[in-house]
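J.: Structure in structure tokens, see below.
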Amino acid sequence: MIGQHAVRVDLFDFKLPPDLIALRPARPRDAARMLVVEGDRALADRTVRELPGLLRKGDVLVFNDTRVIPAQLEGRRGEAKIGATLHKRLDLRRWQAFVRNAKRLKRGDRIDFSQGVAAIAEERHSDGSFTLAFCGDEPVEGLLARAGTTPLPPYIAGKRPTDEQDRADYQTVFAREDGAVAAPTAALHFTPELLDALDEAGIGRETLTLHVGAGTFLPVKAEDTEAHEMHSEWGRIDAATAARLNASRAAGGRLIAVGTTSLRLLESAADESRTIRPFEGDTAIFITPGYKFRAIDGLMTNFHLPKSTLFMLVSALMRLERMQAAYAHAIARQYRFYSYGDSSLLLPSRLREGPGEGQPANVSRSLP
163 MIGQHAVRVD
173 LFDFKLPPDL
183 IALRPARPRD
193 AARMLVVEGD
203 RALADRTVRE
213 LPGLLRKGDV
223 LVFNDTRVIP
233 AQLEGRRGEA
243 KIGATLHKRL
253 DLRRWQAFVR
263 NAKRLKRGDR
273 IDFSQGVAAI
283 AEERHSDGSF
293 TLAFCGDEPV
303 EGLLARAGTT
313 PLPPYIAGKR
323 PTDEQDRADY
333 QTVFAREDGA
343 VAAPTAALHF
353 TPELLDALDE
363 AGIGRETLTL
373 HVGAGTFLPV
383 KAEDTEAHEM
393 HSEWGRIDAA
403 TAARLNASRA
413 AGGRLIAVGT
423 TSLRLLESAA
433 DESRTIRPFE
443 GDTAIFITPG
453 YKFRAIDGLM
463 TNFHLPKSTL
473 FMLVSALMRL
483 ERMQAAYAHA
493 IARQYRFYSY
503 GDSSLLLPSR
513 LREGPGEGQP
523 ANVSRSLP
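Below is the structure:
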């Protein structure tokens, strides 16, 4: 039986032609196409470099400044080949990791990666991931720089190998805080020239940090949203940034999250009065239709996987039927999907109230 606030996962399914999955980004980055979904207006086909003319003076774009680390490792336990994708840092030497060929790994085993890097498999988690403790005294960042590769999403990595170009392509112009194993891909479209144009148009920008984990690519296997266990990720919004964001909104500006990662952290930090508070810690917020948005007034984001938590999120913001129509439009007009693909600008005419008084429905919050 589906719970009162649960939503059937199959409602978020759609058919995507495989040839619409982008394997390389647009060049230049801001030449990517952008579908504008604004209130109940007709869908508009634009480009990312037109963004300054689509926003208002006083609006603020909120970016994620996380930096992707070379978190993909290949190694062996004896004769068995073991692949590891680091997911979430636990302390200075320990990471939670998704492991390929995990059936050949047990607690206490040593995995020897390339370039003299090794780790011990410690705890196995309920989602099948392991805690890996890296051997030696050298900082783990140095070990990864030597032995790791860029962890491209599986829908790209399954079609071509990672190469040197990805080291640049899979970072945003804002990347500065090491810790992500997946890029905040909505911001991949931004160039110095576009930022200059936004400045000239009087559109502000702020940054926060959310270290995106490999869990963002995990499929939703449950039949309804209530049964899905959302992955957690670490994020931070400092007090000065929160104060500026609140002041911008009080002055009439809209807060436009660039990417679902920025949106999820902003919503985790906002209270019932729609005030954004300083935040540092893990969030496992899961946004589905019926959620009452507290922090943001719009979202710029790429096109997401069928039945994914991110397609559920955009459907909560704009209504499921509206996003189904938008995605059908994008597919018919050959927009490019996923991490290296095209963009969308989602501007709801108003943010709908959730079904409860004050507390959002369909949301798991994990606050510090």
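Numbering (the working numbering), first residue to last: 163 to 530. A virtual CB, placed ideally from N, CA and C, is assigned to each residue, including glycine.
According to the neighbour-count rule (16 or more other Cβ atoms, all chains shown, within 10 Å of its Cβ), is Arg-251 buried or exposed?
T.: buried
J.: Given a threshold of 16 other Cβ atoms within 10 Å of its Cβ, counted over all protein chains shown, does Asp-340 qualify as buried or as exposed?
T.: Taking all protein chains in view, the Cβ of Asp-340 is surrounded by fewer than 16 other Cβ atoms within 10 Å, so the residue is classified as exposed.
J.: Roughly how far, in whole angstroms, is the beta-carbon of Tyr-489 from the beta-carbon of Phe-455, given that I think they are within contact range, below 8 Å?
T.: So it is not a contact: roughly 20 Å between Cβ atoms.
J.: Here's the rule: buried if 16 or more other CB atoms are within 10 angstroms of the residue's CB, otherwise exposed. What is Gln-327?
T.: exposed
J.: When you compare only the Cα positions, how much space is there between Val-171 and Thr-450?
T.: 10 Å
J.: Using a 10 Å radius around the Cβ and a threshold of 16 neighbouring Cβ atoms, would you call Glu-316 buried or exposed?
T.: What sits at residue 316 in the sequence shown is Pro, not Glu. Exposed, by the Cβ-count rule.
J.: Go ahead and pull the three-state DSSP assignment for Lys-265.
T.: helix
J.: May I ask you to list the residues that DSSP assigns as paired with Gln-234?
T.: When beta bridges are read from the DSSP output, Gln-234 appears opposite Thr-247 and Thr-311.
J.: Please classify Gln-277 as buried or exposed, where buried requires at least 16 neighbouring CB atoms within 10 angstroms.
T.: exposed
J.: Give every residue of the same chain whose Cβ lies closer than 8 Å to the Cβ of Pro-179, excluding the five residues on either side of it in the sequence, and list them in chain order.
T.: Closer than 8 Å at the Cβ level, and outside the excluded window around Pro-179, lie Ile-493.
J.: Could you check whether the region 228-243 touches the region 275-289, counting it as contact only if at least three pairs of C-beta atoms, one from each stretch, sit closer than 8 Å?
T.: yes
J.: Can the beta-carbon of Gly-310 be found closer than 8 Å to that of Pro-232?
T.: yes
J.: Please return the same chain residues whose Cβ sits closer than 6 Å to the Cβ of Leu-425, not counting the five positions on each side in sequence.
T.: Ala-419, Ile-458 and Leu-461
J.: Grouping DSSP H, G and I as helix and E and B as strand, with all else coil, what is Val-224?
T.: strand
J.: Could you pull out every residue in the same chain whose Cβ sits closer than 8 Å to the Cβ of Leu-173, ignoring the five residues on either side in sequence?
T.: Leu-482
J.: From the DSSP output, read off the bridge partner residues of Phe-275.
T.: Gly-237
J.: Using 8 Å as the threshold, is the C-beta distance between Leu-427 and Gly-397 below it?
T.: yes
J.: On the three-state DSSP scale, how would you describe Ser-526?
T.: For Ser-526, the pLDDT reaches just 40, beneath the cut-off of 50, and the residue's location in the model is therefore unreliable, although a value from the coordinates is still provided. Residue state, collapsed to three classes: coil.
J.: Inspect the beta-carbon positions of Pro-346 and Thr-437 and report whether they are closer than 8 Å.
T.: no
J.: Going by beta carbon distance, what residues of the same chain come within less than 7 Å of Thr-247, once the five residues before and after it are set aside?
T.: Excluding the 5 residues flanking it on each side, Thr-247 has same chain C-beta neighbours closer than 7 Å at Ala-233, Gln-234, Ala-259, Phe-260, Pro-313, Val-343 and Ala-376, in chain order.
J.: Assess, as a yes-or-no matter, whether the region 178-198 is touched by the region 404-411 under the definition of 3 or more beta carbon pairs within less than 8 Å.
T.: no
J.: Please state whether DSSP places Met-474 in a helix, a strand or coil.
T.: helix
J.: Can you list, in chain order, the stretches of the beta strand (DSSP E) that have 3 or more residues and sit fully within the region 292-351?
T.: 292-296 and 339-342
J.: From the DSSP secondary-structure annotation, give me the bridge partner or partners of Ala-206.
T.: In the DSSP output, where bridge partners are listed per residue, Ala-206 has Val-198.
J.: Since Met-392 is in the beta strand (DSSP E), which residue starts that stretch and which ends it?
T.: Where Met-392 is concerned, there is no enclosing beta strand (DSSP E), given that its DSSP letter is neither H nor E.
J.: On the premise that Val-199 lies in contact with Leu-508, defined as a C-beta separation below 8 Å, what is that separation, rounded to the nearest angstrom?
T.: 5 Å
J.: Tell me, which residues are paired with Asp-386 by DSSP?
T.: According to DSSP, Asp-386 bridges with Arg-170.
J.: Where His-393 and Ala-242 are concerned, what is the direct C-alpha to C-alpha distance, given to the nearest angstrom?
T.: 28 Å
J.: Would you mind reading off the limits of the alpha helix (DSSP H) that contains Ser-429?
T.: Per the sequence shown, the amino acid found at residue 429 is Glu instead of Ser. Start and end: 422-431.
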